[in-house]
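Take a look at the structure set out below.
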Amino acid sequence: MTSTPKKVTIPMNGVDYRGKIVLAPMVRSGECPSRLLALKYGADLVWGPETIDKALIGTTRRENSTTNTVDFTRISSNGAKNPALNPDQRESVIYRLHPGREGRKLIYQIGTSNPETAVQAAKLVAPDVAGIDVNAGCPKPFSTSGGMGAALLKTPDKLCSILEALVREVGGPNEIGISVKIRILDTAEETAALVRRLVATGITGLTVHCRTTPMRPRERAIRDQLRMVADLCREAGVACLMNGDVTSREEALDLIAEYGCDGAMIATAAETNPSVFRLEAEGGKAPWEEVVEEYVKTSIEVENRWGNTKFLLGQMIPGKHSAYNSMTRTKSYAELVKTLKYDGALLKMARDVDKALDIGEYEKPKLTKAERKAANKTASKTSGGSHDRSMQEEVRKTAAGIKRKAATAELDKPPDIAREAGPASVPESASALAV
Ligand SMILES: Cc1cc2nc3c(=O)[nH]c(=O)nc-3n(C[C@H](O)[C@H](O)[C@H](O)COP(=O)(O)O)c2cc1C
2 MTSTPKKVTI PMNGVDYRGK IVLAPMVRSG ECPSRLLALK YGADLVWGPE TIDKALIGTT
62 RRENSTTNTV DFTRISSNGA KNPALNPDQR ESVIYRLHPG REGRKLIYQI GTSNPETAVQ
122 AAKLVAPDVA GIDVNAGCPK PFSTSGGMGA ALLKTPDKLC SILEALVREV GGPNEIGISV
182 KIRILDTAEE TAALVRRLVA TGITGLTVHC RTTPMRPRER AIRDQLRMVA DLCREAGVAC
242 LMNGDVTSRE EALDLIAEYG CDGAMIATAA ETNPSVFRLE AEGGKAPWEE VVEEYVKTSI
302 EVENRWGNTK FLLGQMIPGK HSAYNSMTRT KSYAELVKTL KYDGALLKMA RDVDKALDIG
362 EYEKPKLTKA ERKAANKTAS KTSGGSHDRS MQEEVRKTAA GIKRKAATAE LDKPPDIARE
422 AGPASVPESA SALAV
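Read in order, the letters of the sequence shown correspond to residues 2 to 436 in the working numbering.
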């Protein structure tokens, strides 16, 4: 008689990670259009980019009828700098998701080092997503110095208390799963001890990135601990996704079978070409020209931030191709559509989005330094008082913080990505995201 394998119950609004090939969480590269494209090409589930709990707390949930998205927005530092001058630009989107096209397939990844703030933030998005995943793998100092990411691997008590709090206060009431993404530790014994604790917290899934914390993205993933992690997860009934150097659906299926995992997660290969999720029998990896056109269309449909779209195009268009250079020179969706010679209907949509985003021909003239100074002086005179001066100081600090985060966000990318990141405008997303 064979015994039925143990399986943690998957909550009603959640998803089982078993048998799934999924898009990895990627800061900057995992924004809404990238996720929609991965789903279009066959990804079974998509992870959003790590978004820090404190960035989400205080946001307002808005249903955007133009893009059919749900946006979590907050007053932007731009707007706060000069609210009187530019009231329209005060809302900035911290997290955008498309309920119709990804809602029940989207996992929100949270950056946190504290159970209370994790719960507070996760409660905001929980009704709109299929699961919440905790990032316990980001190795960068700006994440680890705050006790987040890979630092949590060294503070298992804290990591377990975060997961338990999320399971109890967010997963339960919203009937969604809570999961965690880790890296392997130096020895199999250390990894095993950690995994045993994690799978006992009530989580439904665990992703193991088969690199240790100090390993760079270019170094080959190490798979010798993978079977052990998969076995421990299976004993506890928790789904185990493998991650690291998976480049296609076929390869994922082979690795799953070889190491006894339940599913696989793809990052860099999908960042360059999300059609890696498509089976060979269904067409396999599509040419970059096709994928880029789909990406541009999708970005226009969801009014993706222009800087982010350009950044991703820098990853998708081969650097040696003439289209790469032409793309880097464009300053708006309309210019991009004309440069890439897409059809007229898209050009009309592109113009509308340029208008909505104030870019290209709709970009508002920038104030000179002297004009900005004068305007700030007038604004502080009108509203007066030390409170406003302290608010201005607060804004200045926030802006400096954003710049710092932007610089560090750059560091997380593998060298090849950093090299090609030329056209990107980092600061917009870096305010919220810090992997
Ligand atoms: C641009 C970029 C951004 C990333 N952002 C995140 C993130 O937000 N959260 C996370 O857990 N891992 C992040 N990672 C790590 C990936 O999710 C993945 O673990 C790693 O790239 C290994 O997978 P791969 O070998 O398929 O690239 C990021 C990786 C890249 C390349």
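No residue lacks a Cβ here, since even glycine has one placed at the ideal position from N, Cα and C.
Note that the structure is predicted; figures quoted are calculated from it, not measured.
The beta carbon of Thr188 sits closer than 8 Å to no other beta carbon from its chain once the five residues preceding and following it are set aside.
Asp54 counts as buried, since no fewer than 16 other beta carbons sit within 10 angstroms of its beta carbon. Along the stretch 144–228, the alpha helix (DSSP H) occurs as fully enclosed runs of 4 or more residues at 152–155, 157–167 and 189–199, listed in sequence order. For Glu64, the pairing in a beta bridge is given by DSSP as Val71. For Thr310 and Arg228, the gap between their C-alpha atoms comes out near 38 Å. Residue pairing of Asn136 in beta bridges, as defined by DSSP: Lys182. When DSSP states are grouped into helix, strand and coil, Arg19 belongs to the coil group.
Per DSSP, the unbroken beta strand (DSSP E) holding Cys241 starts and ends at Ala240 to Asn244. Pairing Val28 with Glu64 gives a Cβ-Cβ distance that is not under 8 Å. The three-state secondary structure of Leu347, taken from DSSP, is helix. The criterion of a C-beta distance shorter than 8 Å is not satisfied by Thr113 and Ser93. Assignment of Gly264 by DSSP, reduced to helix, strand and coil, places it in the strand class. Ile95: member of the beta strand (DSSP E) spanning Glu92 to Leu98, first to last residue.
For Gln226, the Cβ stays outside the 7 Å cut-off from all heavy atoms of ligand 1.
Taking a 10 Å sphere around the C-beta of Leu98, we find 16 or more other C-beta atoms and assign the residue as buried.
In terms of side-chain proximity, the C-beta atom of Gly138 is found nearer than 7 Å to a non-hydrogen atom of ligand 1.
Apart from the 5 residues on each side of it in sequence, Glu170 sits with its Cβ closer than 7 Å to the Cβ of Val120 in its chain, given in chain order. About 6 Å separates the CB atoms of Phe278 and Arg250; that is less than 8 Å, so the two are in contact.
Thr202 and Thr10 have their alpha carbons spaced roughly 13 Å apart. In this chain, the beta strand (DSSP E) harbouring Val47 covers Leu46 to Trp48.
Within the model, the alpha-carbon separation for Leu24 versus Gln316 is close to 16 Å.
For Ile318, there is no enclosing beta strand (DSSP E), since its DSSP letter is neither H nor E. Less than 8 Å divides the Cβ of Tyr18 from the Cβ of Gly206. Rounded to whole angstroms, the Cβ separation of Cys211 and Arg224 is 5 Å, and the two are in contact under 8 Å.
Linking Asn244 to Glu290 through their CA atoms gives a straight-line distance of about 27 Å. A straight-line Cα-Cα distance of about 15 Å links Pro128 and Ile111. Proximity of the stretch 144–162 to the stretch 174–185 meets the contact definition, three or more beta-carbon pairs being nearer than 8 Å. Within the stretch 286–317, the runs of alpha helix (DSSP H) at least 4 residues long that lie entirely inside it are, in chain order, 289–302 and 307–317. Take Pro116, set aside five residues on each side of it, and the residues of its chain with a beta-carbon closer than 7 Å to its own are Ser162, Ile163 and Ala166, in chain order.
Within its own chain, the residues whose Cβ lies closer than 7 Å to the Cβ of Leu313, once the five positions on either side in sequence are excluded, are Ser30, Ser35 and Tyr296, listed in chain order. One Cα belongs to Glu176, the other to Ala371, and the distance between them is close to 55 Å.
Residue burial is scored here from C-beta neighbours: Thr61 has fewer than 16 other C-beta atoms within 10 angstroms and is therefore classed as exposed.
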